[in-house]
Amino acid sequence: MTLDQYSTAHGKYTVEHLESTRAAKLPPLNVFRAVLGELLELTEKHVDLLDCGCGTGFFARQYARLPGVSVTGIDLDALLLNAARELARQEGLPIHFELSDITALPFPDESFDAVTSDILLEIFPDKTLPIGEMTRVCKPGGRILCIEPNYQSTVYYDPRLSPEDNQLWCEYHRLGRAFGAGVELPDVMRRVGLEDIQLVPWLWGGLGSSGVVPTETFLREQNAGLERGLELGVLSQKEADAYRALFRRTAALRGEALVLSGIDLYLVCGRKSKASV
Ligand SMILES: C[S@@+](CC[C@H](N)C(=O)[O-])C[C@H]1O[C@@H](n2cnc3c(N)ncnc32)[C@H](O)[C@@H]1O
1 MTLDQYSTAH GKYTVEHLES TRAAKLPPLN VFRAVLGELL ELTEKHVDLL DCGCGTGFFA
61 RQYARLPGVS VTGIDLDALL LNAARELARQ EGLPIHFELS DITALPFPDE SFDAVTSDIL
121 LEIFPDKTLP IGEMTRVCKP GGRILCIEPN YQSTVYYDPR LSPEDNQLWC EYHRLGRAFG
181 AGVELPDVMR RVGLEDIQLV PWLWGGLGSS GVVPTETFLR EQNAGLERGL ELGVLSQKEA
241 DAYRALFRRT AALRGEALVL SGIDLYLVCG RKSKASV
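With the working numbering applied, the sequence shown covers 1 to 277.
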């Protein structure tokens, strides 16, 4: 099991975590939505879109704001879906949410004009099954859009830290994670017969204030990550001690600074052939 799979299996995804990390790291959202609209080739036509692994519905709400788009969101986690319903209601967005599994979608073939998934496929060692299922429920000529991280490229730069510590932070963010969406997703999409594959990189992160997360929360979250790494054996005790010391040095920094931190997120979009796939 990798860290990515472990995180989901153990319910790491709280409403607060999903909502705050998306809101802090994806903006500018108006530009992000414009890119989604371009990839989905939205026209005047009404579009029924299925968003898989929607969690609290952060991405589903972005899709629902695009003109002419009606959204259904599915997820395996009933608590996250309850939060998703409430958040969509508060924002006045008529999104329909259902409890279901991306590997066995409860919809007939060719039900939707577009099918999306966001930060979900990384947990599947073989992405053919979920992408195949997304393709099954998509209409011929419709779009499949997957948004996933590329763990080979991370950036971390805090001007108050030494170059070695900044480097260590980059390594920490890649720890136990191997998925490279930029290469793997187009490859699987081609294998399931999707056409016209487009890839748009987006920096998930950017320049932000170091003071956003309180020191105690910061240390608790980072140290919990180390415990998971030790449990999974992706990290030795010596490495864990080095990271623990790094977190202490980072937490001890005085004042606020602008820190550049992020990971490449790839928006990979393919089209289901008009002939049968
Ligand atoms: C990293 S979270 C992403 C949530 C949301 N897409 C976002 O980015 O804010 C992964 C989500 O996938 C859901 N999930 C995991 N396995 C799933 C499956 N087999 N079918 C549907 N959802 C699944 C989890 O419950 C969780 O909400």
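Yeah, the Cβ is synthetic: ideal placement off N, Cα and C, and Gly gets one too.
Just so you know, these numbers come straight off a predicted model, no measurement behind them.
Relative to the alpha-carbon of residue i, which residue among the options has its alpha-carbon at the smallest distance?
i: residue 52; options: 40, 272, 98; result: 98
i: residue 95; options: 107, 106, 73; result: 73
i: residue 207; options: 254, 195, 157; result: 157
i: residue 113; options: 142, 119, 192, 220; result: 142
i: residue 122; options: 176, 167, 21, 70; result: 176
i: residue 39; options: 125, 162, 116; result: 116
i: residue 69; options: 47, 76, 78; result: 47
i: residue 78; options: 71, 16, 209, 54; result: 54
i: residue 235; options: 174, 263, 219, 259; result: 174
i: residue 209; options: 219, 84, 25; result: 25
i: residue 242; options: 254, 226, 253; result: 226
i: residue 83; options: 247, 275, 36, 16; result: 16
i: residue 269; options: 27, 28, 197; result: 197
i: residue 172; options: 28, 31, 27, 224; result: 224
i: residue 200; options: 221, 30, 29, 35; result: 35
i: residue 247; options: 186, 274, 216, 93; result: 216
So, under 8 Å CB-CB, residue i and residue j are touching, yes? Tell me the CB distance rounded to an integer number of Å.
i: residue 169; j: residue 267; result: The Cβ separation is near 25 Å, so there is no contact.
i: residue 63; j: residue 81; result: 16 Å between Cβ atoms; not a contact.
i: residue 43; j: residue 18; result: Residue 43 to residue 18, Cβ: 31 Å. No contact.
i: residue 233; j: residue 240; result: Actually they do not touch by this definition, with Cβ atoms about 11 Å apart.
i: residue 110; j: residue 139; result: 5 Å
i: residue 136; j: residue 195; result: The pair is not a contact, with the Cβ atoms about 16 Å apart (cut-off 8 Å).
i: residue 66; j: residue 89; result: Incorrect: roughly 19 Å between the Cβ atoms, too far for contact.
i: residue 261; j: residue 205; result: 5 Å
i: residue 108; j: residue 100; result: With 8 Å as the limit, residue 108 and residue 100 do not qualify as a contact, their Cβ atoms being about 13 Å apart.
i: residue 120; j: residue 103; result: Residue 120 to residue 103, Cβ: 11 Å. No contact.
i: residue 61; j: residue 86; result: Rounded, the Cβ-Cβ distance is 12 Å, inconsistent with contact.
i: residue 257; j: residue 159; result: 6 Å
i: residue 251; j: residue 218; result: 6 Å
i: residue 263; j: residue 162; result: About 22 Å separates the two Cβ atoms, so there is no contact after all.
i: residue 188; j: residue 131; result: 5 Å
Any heavy atom of ligand 1 inside 7 Å of the beta-carbon of residue i?
i: residue 170; result: no
i: residue 13; result: yes
i: residue 65; result: no
i: residue 53; result: yes
i: residue 107; result: no
i: residue 248; result: no
i: residue 119; result: yes
i: residue 101; result: yes
i: residue 33; result: no
i: residue 58; result: yes
i: residue 279; result: Outside the displayed range of the chain (1 to 277) lies residue 279, so it cannot be described from this structure.
i: residue 74; result: yes
i: residue 85; result: no
i: residue 22; result: yes
i: residue 264; result: no
i: residue 144; result: no
i: residue 131; result: no
Inset, instruction - Tell me, please, whether the segment 143-152 touches the segment 171-183 by the rule of three or more beta-carbon pairs shorter than 8 Å. - result: yes
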